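For the sequence shown, our numbering assigns the number 39 to the initial residue and increments by one for each residue that follows.
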Amino acid sequence: MSETSDATGTSSGTGSDGGQYDIHLRGHLDSRWSAWFDGLTLTQLPDGSTVIQADLPDQAALHGLLRRVNDLGVPLIAVTRAQTGNSSPATTTSPATTTTKRSTR
């Protein structure tokens, strides 16, 4: 199977866990950055942060978008998967509050 991806890492192959995501960043990104993010919607919030809204086909595309954010060096506040239709409840991952439990065997 052949698969291609665009600049955000959006894959043309079939995948799972696609959906609408909000990527919340610290700082304002001007609307001109929308082109760099392949036309995704950038919303500047009054608190000085920016939200990138993206309808992504799968997790690979999400990771590609997050790599682009990382390449800019902009601090990531949260990633939220929007609730749509019959999907499961929205989930938020915040790097500042994410913890990993490890076994102490």
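Idealized CB from N, CA, C, for every residue including glycine.
These numbers come from a predicted model, not from an experiment.
Query	Result
Around the C-beta of S79, are 16 or more other C-beta atoms found within 10 angstroms, so that it is buried, or is it exposed?	Before going on, a small fix: residue 79 reads as Thr here, not Ser. Exposed, because fewer than 16 other Cβ atoms sit within 10 Å of the Cβ of T79.
Whose CA, out of H62, A73, G77, lies closest to the CA of L83?	H62
Starting from L110, follow the alpha helix (DSSP H) in both directions and report where the run begins and ends.	97-110
So which of I90, Y59, D96 has the shortest CA-CA distance to W74?	I90
Pull the bridge partners of I115 from the DSSP assignment, please.	DSSP output for I115 lists no bridge partner at all.
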